[in-house]
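Residue numbers (the numbering used here): 18 to 101.
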């Protein structure tokens, strides 16, 4: 329960900082805030569940390995658009 609260609090603080940064750039007349960046992460923890990916495994740029998952076989891969 405490992990979820701290996770949500951290997300709120991060998004508030990003909004303040965008406001500052808009005041200065900069177009940098309008550029879109992907926030996708290939390997992501899910609270206290940590994925394990071997050094010789391949995860596609748009695939996701989330939570208590293992990609550890010899030269294993996670294909395009897959979620493990």
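From the three backbone atoms N, C-alpha and C, an ideal C-beta is built for every residue, glycine too.
What you are looking at is a predicted structure, and each value in this text was computed from that prediction instead of being measured.
Item	Value
Under 8 Å between C-beta atoms of residue 88 and residue 70	yes
Proximity winner among 83, 91, 81, 95, relative to residue 75 (alpha-carbon distances)	95
Status (buried if at least 16 other CB within 10 Å, exposed otherwise) for residue 36	exposed
Distance, residue 25 Cα to residue 97 Cα	29 Å
Buried versus exposed call for residue 77 [16 or more other C-beta atoms within 10 Å across all chains shown]	exposed
Residue 63 - DSSP class collapsed to helix/strand/coil	strand
Three-state class that DSSP yields for residue 36 in the structure shown	helix
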